Every structure is written in C-alpha cells, then in structure tokens.
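A.B. asks:
Residue numbers (the numbering used here): 232 to 619.
1) Consult DSSP for residue 393 and reduce its assignment to one of helix, strand or coil.
2) Within the continuous alpha helix (DSSP H) that includes residue 559, where are the two ends?
3) Among all the DSSP beta bridges, which residues are the ones paired with residue 378?
4) Tell me which residue opens and which closes the beta strand (DSSP E) that residue 475 is part of.
5) Starting from residue 243 and walking both ways along the beta strand (DSSP E), at which residues does that stretch end?
6) Who pairs with residue 185 in a beta bridge, going by DSSP?
7) Using C-beta distances below 8 Å, list every residue in its chain close to residue 412, excluding the 5 sequence neighbours before and after it, in chain order.
8) Give me the residue from 314, 307 and 245 with the minimum Cα distance to residue 283.
9) So the alpha helix (DSSP H) residue 447 belongs to, where does it begin and stop?
10) Decide if residue 238 is buried, meaning its Cβ has at least 16 other Cβ atoms within 10 Å, or exposed.
11) Alpha carbon to alpha carbon, how far is residue 480 from residue 562? Give it in angstroms, no decimals.
12) Between residue 409 and residue 500, what straight-line distance do the alpha-carbon atoms span, to the nearest angstrom?
13) Taking only the alpha-carbon atoms, compute the straight-line gap between residue 319 and residue 427 and give it to the nearest angstrom.
14) In the DSSP assignment, find the alpha helix (DSSP H) that holds residue 465 and state where it starts and stops.
15) In angstroms, rounded to a whole number, what distance separates the CA positions of residue 424 and residue 568?
16) Can you list, in chain order, the residues of its chain with a C-beta nearer than 6 Å to that of residue 265? Leave out the 5 residues immediately preceding and following it.
17) Excluding the 5 residues preceding and the 5 following residue 369 in the sequence, name in chain order all residues of the same chain whose CB lies nearer than 6 Å to its CB.
18) Just to confirm my understanding: we take residue 534, look at its own chain, exclude 5 residues before and 5 after, and list those with CB closer than 8 Å. What are they?
19) Can you grab the Cα-Cα spacing for the pair residue 403 / residue 388, in whole Å?
20) In its own chain, which residues sit with a C-beta less than 6 Å from the C-beta of residue 253, not counting the 5 before and 5 after it?
21) Could you say which of 553, 277, 306 and 242 lies nearest to residue 461 if we only look at CA atoms?
22) Tell me which residues share the same chain as residue 328 and place their Cβ nearer than 6 Å to its Cβ, disregarding the 5 neighbours each side in the sequence.
23) With DSSP run on the structure shown, which of helix, strand or coil describes residue 422?
24) Residue range of the beta strand (DSSP E) that residue 494 falls in?
25) In terms of residue numbering, what span does the beta strand (DSSP E) encompassing residue 217 cover?
26) Taking just the CA atoms, how far does residue 340 sit from residue 384?
27) Leaving out five residues before and five after residue 236 in sequence, what residues of the same chain have Cβ atoms less than 7 Å from its Cβ?
28) In the DSSP assignment, find the unbroken beta strand (DSSP E) run with residue 370 in it and report its ends.
29) When we look at the beta-carbon of residue 457 and count the other beta-carbons within 10 Å, is it buried (16 or more) or exposed?
30) For residue 580, name the three-state secondary structure that DSSP assigns.
31) With distances taken from CA atoms, which of 289, 396 and 301 is nearest residue 557?
32) Smallest Cα separation from residue 449: which of 434, 463, 439 and 438?
33) State the start and end residues of the unbroken beta strand (DSSP E) segment that holds residue 500.
34) If you follow the alpha helix (DSSP H) that residue 265 is part of, which residue opens it and which one closes it?
35) Once the 5 residues before and after residue 386 are set aside, which same chain residues still bring their CB inside 7 Å of it?
36) Taking residue 531 as the reference, give the member of 347, 446, 349 and 379 with the closest Cα.
So, in structure tokens, the structure goes:
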C-alpha cells in the first residue's frame, strides 16, 4: 500500500516544485509520490493523462495528496479546500503585489488557477465520481475528456510566484487546524477567512464581467478582513480591522505616519490616519456603495489621484492583516560579528524572510502613485506624530 493517497486534481496549475504541508502536499505530475501512485493505479494514470486545454494541448495537472496514515480530519472536503486556499492566497498576494509595484505583469494572480476539478477517481479505484451542490454522478474513466477552465490561462508557477514566509506559516497552521476535531478559535477563523479570500481572488466574471462584479469582489475582501479580525464573543467592524492593521509590524515608517484623512462612521468624522488605513477606509466605502445599492460608477473603485484600483490593493492589505494575525516575523538570531560567515548568513536569511512583506509594502505605496512630500524626513515624521 502506498504511503500517499491522491485526493483531487488541479488542471489549471502547472507546478514546478511541490507545496509541502507535512502530511499533505500539492505535487506536480512528475513528483515521485504521484508517479508511484500512477504506477499502482492505471485508472488514476489514465485520468490524469486525459486533460487538455480548449485547443487540445496536453496538460499535466497538479494533484493534492495526503499521507495514508493522516487523521481522517485531514481528508475531509474542508481540509482539502483549506490547503488549496492557503496555497492560492500565497500566490495571489505575491503576484498582485508584483503587478502593483512594477506595472501590469503577466504572472498568475487569480485563485482560479487552484480550482479543484470536480471529477476524480472513486475510493475503490474503478470509476470517476462527482459530488457538487448541483450534481452527483459516476462515469467511466475511458470516456473522460478533461479541460482546464477556459477563462484563465494555465498557471505555470514556481517558488518565485509565492510569498514563501507566508506560505510556510500557513502550511504549519493547516496541520494545526485539521489534525484535530476540536481546533482552536484562531485556527478556525483563519481558514474561514482564507476561504472567503479565495472567493475574493477569483476573476470577477468571464467575458460578461462588468464593474458591478468588481464591486462584489471588494465586498468579499472586506468579509475576509472582518472574519480574521473578529474577536471571540464580540462584534467586529472597521475599527477592529483598522486595529489589526495598526498592530502589524511595518518595516517602512512611511506606512505608519498619519498623513491621510479618512472619513469614519455615520457622522462622517474626518480622522487623520496612515496610508493603509486610508486605503482600507476607501474599500469599506466602496463595499457599502456596491452592496447597499447606492449610486456607483467606475470611479467608485478607483484610488483617488492614482491609476490603481481598490480591487488591486485589497490583497496586499490582507497580507498585512495576516502578518499581524500570525505574528509573522523573522525569529532568527545574529551570532557575534566575529563569526563573519554566520553573521552574513543571518543577514541574508532575514532579508529573504522580509522580502515578501517588503514587496507588499512597496505595492501599497505604489497604489497611490506617490507618497506626500516630507515623508522621508525624520523631523517631519515627529511633527506628524505631534499633530496626530
């Protein structure tokens, strides 16, 4: 009996290297674990070899595998989706931040790439089965002709497409969440939030997408924010989300200084705030306008005095909420400077760990096109704090 069990196929994902989560993994077609499984199951091998794109080009789907001795809680539908959500968001956040900072790059930035194919081999290795809210059924493997989703290109991704420190921590938290039938409150809300964020990361629509679809997506992002910031046994709103953003350990002082003015509450009180809070404030305003039926237009989704949209900046802000929630920071130690090699390694390790957050912070600043004059001045920063 193999040490691993295949659980689901992802035909829109062409992985260069596996994503590891202890007793589970998302693996490419050439991974030794999947190769062994395909040798032992002709049905699985045939199924995976029958995927093409819309024009008949052969695809090699990634596959989620789980260790055979893993607890049953790791093999549930919720666990498999949670693993997918964690991996997808680590890619979406990183590549959208790249797009904001450097312009419109062509890297995959929608969670559709991680879509789980509804058909898969049954538990007795005989037929294909499907079980969705809309359909239940079974069919012959020999008649199967699988395709990826036509609305997005197949994502050819490697390590450089992921926020690696975030991904690593989320994989650890996935094991913690799904290794027990009684997970902690923090683990439950984390994966509930990731589930919502995964939906917010899908493309807004197909060829029929309108700006109303983008507005709906903004609403989903706000829900993901609030689920993550929800204190146990209490209510949640923009104040809790703002508080979590403020508690993040920002590496750039320019994202802490209160040089922006947000409008809060029913009384529309003007409050001086930092850039991340200002952007989040605009996301809330757009969410309210779209979901409550207020008058909206394309400008509702645009960041003032910028060519960027609120739709783009939501993912980087979510990363900083995750940073605060997960207490994500480098925990290495610097050896004595006399240990030149060790000291140099620690510096490189710290820079590598912080690179994901630095990219996100740069993207947040790039979303407004510029930073107000004076923000590079320490004297100005002190003056701003006194005024605030």
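Virtual Cβ for every residue (Gly too), placed ideally from N, Cα, C. All of these numbers come straight from a predicted model, not from anything done at the bench.
C.D. replies: The short version:
1) Of the three classes helix, strand and coil, the one that applies to residue 393 here is coil, per DSSP.
2) Per DSSP, residue 559 is not a residue of any alpha helix (DSSP H), being assigned neither H nor E.
3) Residue pairing by DSSP puts residue 378 in a beta bridge opposite 283.
4) Careful: residue 475 lies outside any beta strand (DSSP E), inside the alpha helix (DSSP H) at 469-478.
5) It is not in any beta strand (DSSP E) - residue 243 carries neither H nor E in the DSSP assignment.
6) A query on residue 185 cannot be resolved here, the shown segment of the chain reaching from 232 to 619 and no further.
7) In chain order, 304 place their CB closer than 8 Å to the CB of residue 412, counting only its own chain and leaving out the 5 sequence neighbours on each side.
8) It is 245.
9) For residue 447, the enclosing alpha helix (DSSP H) covers residues 442-460.
10) The residue is buried, with at least 16 neighbouring Cβ atoms inside 10 Å.
11) For residue 562 and residue 480, the distance between alpha carbons rounds to 13 Å.
12) Distance between the alpha carbons of residue 409 and residue 500: 43 Å.
13) Rounded to the nearest whole angstrom, the C-alpha separation of residue 319 and residue 427 is 12 Å.
14) Run containing residue 465: none; DSSP gives neither H nor E here.
15) Approximately 43 Å between the Cα atoms of the pair.
16) Closer than 6 Å at Cβ, skipping near neighbours: 258 and 294.
17) Sequence-distant partners of residue 369 (beyond 5 residues in either direction) whose C-beta falls short of 6 Å from its own C-beta, in its chain, are 358 and 360.
18) Answer for residue 534: 510, 513, 540, 541, 544, 598 and 599, listed in chain order.
19) If you take the alpha carbons of residue 403 and residue 388, they lie about 21 Å apart.
20) The answer, listed in chain order, is 406.
21) Ranked by Cα distance from residue 461, the options 553, 277, 306 and 242 are led by 553.
22) The beta carbon of residue 328 is closer than 6 Å to those of 547, 590, 591 and 594 in its chain, skipping five residues each way along the sequence.
23) Here DSSP, grouped into helix, strand and coil, assigns residue 422 to helix.
24) Per DSSP, residue 494 belongs to the beta strand (DSSP E) from 491-495.
25) With the chain covering only 232 through 619, there is no way to say anything about residue 217.
26) The alpha-carbon atoms of residue 384 and residue 340 are separated by roughly 11 Å.
27) Hits under 7 Å: 296, 297 and 299.
28) Where residue 370 is concerned, the enclosing beta strand (DSSP E) stretches over 367-370.
29) Flag for residue 457 reads buried.
30) In this structure, residue 580 counts as helix in the three-state DSSP scheme.
31) By alpha-carbon distance to residue 557, the top candidate from 289, 396 and 301 is 396.
32) Ranked by Cα distance from residue 449, the first of 434, 463, 439 and 438 is 434.
33) Membership of residue 500 in the beta strand (DSSP E) is indicated by the continuous run 500-504.
34) Counting along the chain, residue 265 sits inside the alpha helix (DSSP H) bounded by residues 263-271.
35) Within the same chain, 243, 244, 245, 339 and 344 come within 7 Å of residue 386 by CB-CB distance, once the 5 residues on both sides are set aside.
36) Residue 531 has its Cα closest to that of 446, out of 347, 446, 349 and 379.
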